[in-house]
Structures are given as structure tokens and as C-alpha cells.
Amino acid sequence: MARQKLLFVFGTRPETIKLWPVIHQAESQSEDFEVRLCFTGQHRQMAEPLLKLFGLEPDYDLEVMEQNQGLSRLTAKVLLQLDEVLATEEPDWLIVQGDTTTALAGAWAGFYRRVPVAHVEAGLRTKNVSSPFPEEMNRQVVARLASLHLAPTSLARQQLLAEGISPAKICVTGNTVIDALLYVKEKFLPSLDLARTFSQIDLSKKMLLITGHRRESFGQPFRNICWAIRDLLDEYPDLQAVYPVHLNPNVQQPVREILAPKGQKSNMHLLAPLDYVEFVALLSHCYLVLTDSGGIQEEAPSLGKPVLVMRDNTERPEGIQAGTAKLVGTDRLSIRSAVSELLDDPVAYERMAQAVNPYGDGQAAPRIVEALRQHGNGHNGEYSGICTVVGSVNHNNGGGQYENVSGGLSLFDVYRDRGHTTNSAPGHPAGSLR
Ligand code: UD1
Ligand code: UDP
Numbered sequence: 000m001a002r003q004k005l006l007f008v009f010g011t012r013p014e015t016i017k018l019w020p021v022i023h024q025a026e027s028q029s030e031d032f033e034v035r036l037c038f039t040g041q042h043r044q045m046a047e048p049l050l051k052l053f054g055l056e057p058d059y060d061l062e063v064m065e066q067n068q069g070l071s072r073l074t075a076k077v078l079l080q081l082d083e084v085l086a087t088e089e090p091d092w093l094i095v096q097g098d099t100t101t102a103l104a105g106a107w108a109g110f111y112r113r114v115p116v117a118h119v120e121a122g123l124r125t126k127n128v129s130s131p132f133p134e135e136m137n138r139q140v141v142a143r144l145a146s147l148h149l150a151p152t153s154l155a156r157q158q159l160l161a162e163g164i165s166p167a168k169i170c171v172t173g174n175t176v177i178d179a180l181l182y183v184k185e186k187f188l189p190s191l192d193l194a195r196t197f198s199q200i201d202l203s204k205k206m207l208l209i210t211g212h213r214r215e216s217f218g219q220p221f222r223n224i225c226w227a228i229r230d231l232l233d234e235y236p237d238l239q240a241v242y243p244v245h246l247n248p249n250v251q252q253p254v255r256e257i258l259a260p261k262g263q264k265s266n267m268h269l270l271a272p273l274d275y276v277e278f279v280a281l282l283s284h285c286y287l288v289l290t291d292s293g294g295i296q297e298e299a300p301s302l303g304k305p306v307l308v309m310r311d312n313t314e315r316p317e318g319i320q321a322g323t324a325k326l327v328g329t330d331r332l333s334i335r336s337a338v339s340e341l342l343d344d345p346v347a348y349e350r351m352a353q354a355v356n357p358y359g360d361g362q363a364a365p366r367i368v369e370a371l372r373q374h375g376n377g378h379n380g381e382y383s384g385i386c387t388v389v390g391s392v393n394h395n396n397g398g399g400q401y402e403n404v405s406g407g408l409s410l411f412d413v414y415r416d417r418g419h420t421t422n423s424a425p426g427h428p429a430g431s432l433r
């Protein structure tokens with residue numbers, strides 16, 4: 000096989016976390032792959048610490064972030080600049096992840112330059128283009144533009160097939176967030192002193208971990224969420240509510256207005272967005288999670304944490320089917336009563352607090368790189384037309400059902416091979432994560 004040039008395009012916090020394992024996997028096979036990184040900078044403060052943590056050094060930084068900019072402006076800036084990168088690099092594959100503006104514009108730019116696009120985390124659907132907005136449309140459009148669809152679960156595969164995508168172009172791989180989570184959990188958490196890192200929080204008390212940022216919830220729904228949290232803190236004075244607040248001004252404003260007065264009290268902790276390792280540490284420690292995040296819906300089940308999803312629908316129904324996640328919407332009373340039930344009823348809590356792993360087994364990245372290898376160099380017409388990386392995946396027990404990848408390395412192997420045998424990611428010594 001001719002050496003393939005892979006251009007990874009990413010720009011937000013979740014894309015950085017979820018593409019990191021694939022980038023390292025591809026870099027570890029430098030005889031077969033030449034890796035280029037284009038960071039769009041859609042997120043600045045929330046993604047830059049991750050670049051450092053994971054030892055990623057982008058070849059391009061498009062620096063597109065502006066305070067509270069509109070989606071059209073953001074999309075246009077990424078498209079225009081990326082076109083120049085593509086003209087310079089002429090990659091064999093352009094790789095995007097998920098459903099962000101960066102992913103959409105990345106896929107468009109690749110399509111216009113006739114560069115084959117590989118879509119990581121393909122096939123998630125709510126089938127409601129207003130929710131999540133604009134992510135559902137982004138995913139559907141990326142699916143039209145992509146040549147290779149890396150589906151995290153067999154449900155995602157089925158949804159792609161239902162849209163007429165050829166089975167030969169779909170590989171079921173598991174979700175790369177599980178690769179990242181398992182790695183961080185094993186390699187970083189043992190050396191993190193939680194009590195010292197979060198000295199302001201009483202860790203002996205039950206912790207409600209909160210995140211929220213969805214555009215369709217801006218305005219009154221977000222205010223409802225904040226009021227529900229206030230109600231709960233009044234009702235349960237011992238509860239510790241910990242909320243790393245997304246930097247979007249549409250989130251900051253209601254959170255500061257409604258919850259900051261509570262910040263004066265000892266049980267409401269409003270924090271800046273956390274480094275991934277710190278966030279995973281809190282996720283492992285907390286009692287339950289209240290969130291609208293996609294990635295956290297995938298991570299929490301692996302850690303046996305109940306997730307109450309503050310949305311009316313989800314493109315990740317596997318956690319709900321497995322019993323670890325529940326949709327609670329954005330209504331003040333529903334959120335309050337769902338959290339109360341889990342705080343008051345140990346049986347209801349235990350029912351949800353099962354460690355299941357419907358989203359992957361930590362080996363998604365090797366499968367994705369193997370799929371790229373099997374599908375060959377798109378430009379030279381070597382596309383093999385088959386995908387033999389993974390067979391079927393059982394949602395309820397993803398971990399045991401994925402096929403092994405011959406010759407594939409896990410993240411652990413990659414770091415071991417590079418001599419990183421201690422608790423550290425490349426370029427990032429253990430114990431000094433900042
Ligand atoms: C974006 C994605 C969403 C993803 C989320 C992950 C789109 C349309 N949305 O939403 O799918 O779930 O990221 O968090 O792609 N900001 C900062 N610093 C940062 C990041 C954001 O100040 O590091 C502020 C800026 O004012 C920025 C605003 O947040 O304009 C919104 O950022 P944007 O990337 O457009 O949308 P998100 O809500 O972060
Ligand atoms: N996360 C983090 N710090 C935080 C909050 C979340 O590192 O303060 C991680 C989280 O573990 C998950 C990812 O960010 O892997 C989810 O990102 P986000 O919720 O912003 O986006 P989504 O997944 O909804 O697209």
C-alpha cells in the first residue's frame with residue numbers, strides 16, 4: 000500500500016478528545032501514514048489545554064474563534080481557510096469527527112476539492128433537525144459528503160444503511176471517547192489528588208455534576224435548568240453541586256445570574272471548564288450527572304454513573320436502552336423530581352448505576368486506522384469496496400462484541416512503544432498537567 004496522507008480537521012473540545020486516540024494510532028504507523036493536523040480553533044480556551052495534554056502539535060491553526068459569532072460566519076471562515084490548506088497539502092483523506100461546524104465545513108471543503116472524507120462517529124440521529132441544533136443537520140450533511148463512515152455502534156450503522164449508504168462504506172468501530180476515557184482513567188487518575196485539586200468541594204458528600212451548552216436550550220430552557228438546580232440545593236443542603244460552566248456567553252449569562260448567588264454558599268460550585276483529566280476524575284467520583292452533553296452521555300455509563308439528560312431527545316439511545324441514562328427534558332419540575340428520585344430512592348439509584356459500556360471497548364482508534372488502510376488511497380482508486388474491520392455490535396454489551404483488529408494497537412500499546420510507560424501522555428509529565 001502506498002503511504003497515505005491523513006489530514007485531521009478538528010477545533011472543539013469534544014473533537015480534540017475523540018480524535019486524539021486516532022491521531023496517535025495513525026502516527027504510530029508512520030510507515031503507512033503521514034499525519035497532518037489542522038486545528039480550526041473553533042474553541043480556544045476549551046481546546047488548547049487538550050492539545051497540550053495530548054501532545055498534539057497542529058500544522059495549521061485557523062484561529063476562527065470570535066466571541067459569540069454566528070454559525071454562518073464561523074462556517075465561512077473554516078471553509079475558506081481550509082480550502083487553502085487542502086490546496087497545499089493534497090491529502091489522501093480528510094478526517095472529521097462528529098457534528099460540529101468544524102466537521103461540517105471540513106467535510107464540505109474536502110468534497111469541493113475531491114478529497115475523500117472519513118467521518119468518525121457517523122450515523123447518530125434524532126431525525127429532528129431542530130434538536131440538537133444545528134448538530135443533527137450537520138451529521139446528515141456530513142454523511143452525504145463522506146466516503147467512509149466510521150459508525151460507533153451497530154444502531155448507527157443501521158441508520159446509515161436506512162439512508163442508502165452502501166454497507167461497504169460503513170465500519171462499526173466503537174466510540175473513540177471510550178479509548179480516551181479508559182486511557183485517562185488508568186494512566187492519569189491514580190496520580191491525581193482529588194482532595195487537593197478540588198479543595199473547595201466537600202468530597203464526602205453526594206455530588207451532582209452538571210454541564211450544559213446546547214443551542215436549542217438557550218433562553219428559557221436554560222433558565223429552567225438553573226432554577227431546578229437552585230431548588231435542589233435548597234431542598235438538599237448537603238448536596239454538592241459542581242458545574243464547570245461552558246464559555247458560551249448564552250450559557251454564562253443565565254448561570255451567573257441564577258446560580259452565582261448560590262455560589263456564595265458552600266454547596267454550589269461554579270467552575271471554569273475543566274481539563275479532561277480533572278473532569279474524568281469528577282465524573283468517576285460524582286453521585287450522578289445532569290447534562291445535555293453528547294460525550295458525557297457516552298462516558299458516564301462506563302463509569303457506572305446515572306445520567307439525567309436535559310434534552311427531549313437524544314442521538315445516543317444506547318445508554319437509555321441500557322438503563323443508565325434517562326431523558327428529563329428542560330422543565331424545572333421534571334429535572335427536580337428526576338434528581339430527587341435518585342437522591343431519595345436507593346433502589347432507583349442502583350438500577351441506573353450499572354457499569355455498562357454500550358459505546359465501545361477502548362479499541363475504536365485501531366479499528367478506524369485499519370479501516371482507512373483497507374479502504375486504501377482514495378485518489379489512486381485503490382478503494383477496496385469492503386469493510387472487514389468489525390462485524391456486529393451488541394448495544395448492551397459493546398465491550399465483548401467487537402471483533403479484534405489484527406495488527407491494531409491500543410492507545411496503551413502506542414504509548415508503550417513510544418517509551419511512555421509512566422502516567423503521562425506524550426510531552427506531558429505525570430503530576431504536572433497544567
Ligand atoms: C460547539 C458545537 C457543539 C458541541 C460543543 C462542544 C457547533 C455549532 N457547536 O458548541 O456541537 O457540542 O461545541 O462544547 O459546532 N467560547 C469561548 N471559548 C472557547 C469556546 C467557546 O469563549 O474555548 C465561546 C465563544 O464566545 C464562542 C461561543 O462560546 O463564540 C460559542 O462557541 P461555538 O463553538 O460556536 O459553539 P458551542 O456552543 O461551543
Ligand atoms: N469535558 C471536559 N471538561 C469539562 C466538561 C466536559 O473535559 O469541564 C469533556 C467530557 O468529559 C467529554 C467532552 O468534554 O469528553 C464533552 O464535551 P462537550 O460537552 O463540550 O461537547 P459534546 O460532547 O456535547 O459535543
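According to numbering that gives the first Met the number 0, the stretch in the sequence shown is residues 0 to 433, in order.
All C-beta atoms, glycine included, are put in the ideal place defined by N, C-alpha and C.
Put simply, of Q28, S29, R43, L81 the residue whose alpha carbon is nearest the alpha carbon of T15 is R43. In the DSSP annotation of this structure, the continuous segment of the beta strand (DSSP E) that includes Y242 starts and ends at 239-243. A distance criterion of 7 Å places the beta-carbon of P243 in contact range of ligand 2, judged by its closest non-hydrogen atom. Cβ neighbours of N247 within its own chain (closer than 7 Å, five residues either side excluded): H212. Burial is judged here by how many other beta carbons sit within 10 angstroms of a residue's own beta carbon; A117 has at least 16 and is buried. Ranked by Cα distance from Q96, the first of R310, L238, L18, N223 is L18. One Cα belongs to V171, the other to A102, and the distance between them is close to 19 Å.
A buried status is given to G328, since no fewer than 16 other beta-carbon atoms sit within 10 Å of its beta-carbon.
Counting the other Cβ atoms within 10 Å of the Cβ of N67 gives fewer than 16, which makes it exposed. Counting along the chain, F7 sits inside the beta strand (DSSP E) bounded by residues 3-9.
It is roughly 13 Å from the alpha-carbon of A259 to the alpha-carbon of V250.
When rounded, the separation of the alpha-carbon atoms in E56 and L36 is 7 Å. Between F221 and A46, the alpha-carbon positions lie close to 23 Å from each other. Straight-line measurement puts the Cα of K168 at about 10 Å from the Cα of L159.
Comparing alpha carbon positions, the residue from V338, S339, V21, L269 closest to I177 is V21.
Within the stretch 76-118, the complete alpha helix (DSSP H) runs of at least 4 residues fall at 100-111. If you look at E30, you'll find it isn't in any beta strand (DSSP E); DSSP assigns it neither H nor E.
Look at P220: its beta carbon is at least 7 Å from all of the heavy atoms in ligand 2.
A direct Cα-Cα distance of roughly 12 Å separates Y111 from A145.
I209: not part of any alpha helix (DSSP H); member of the beta strand (DSSP E) spanning 206-210, first to last residue. Under the three-state reduction of DSSP output, M267 falls in the strand class.
In the structure shown, the three-state DSSP call for D178 is helix. Annotation: T152 is outside any beta strand (DSSP E) and is labelled neither H nor E by DSSP.
When rounded, the separation of the alpha-carbon atoms in A104 and E88 is 17 Å. Restricting attention to A347, F7, T74, L154, the CA atom closest to the CA of A324 is found in A347. Of the heavy atoms belonging to ligand 2, at least one sits nearer than 7 Å to the Cβ of H212.
Taking 7 Å as the cut-off, the C-beta of P13 counts as close to a heavy atom of ligand 2. Ranked by how close their Cα comes to the Cα of V183, the residues F197, S153, S301 have S301 in first place. Residue state for I224 is assigned as helix, using DSSP reduced to three classes. Three or more beta-carbon pairs separated by less than 8 Å link the stretch 226-241 to the stretch 193-212, which places the two stretches in contact.
A straight-line Cα-Cα distance of about 11 Å links N137 and L123. For G293, the distance from the CB to the nearest heavy atom of ligand 1 is below 7 Å.
Note: D60 is bridge-paired with F38 in the DSSP secondary-structure output.
A direct Cα-Cα distance of roughly 13 Å separates C285 from V338. Look at the stretch 292-363 and you find these whole runs of alpha helix (DSSP H), each 4 residues long or longer: 293-301, 317-321, 331-343, 345-351. Here the alpha carbon of L5 sits roughly 6 Å from the alpha carbon of P90.
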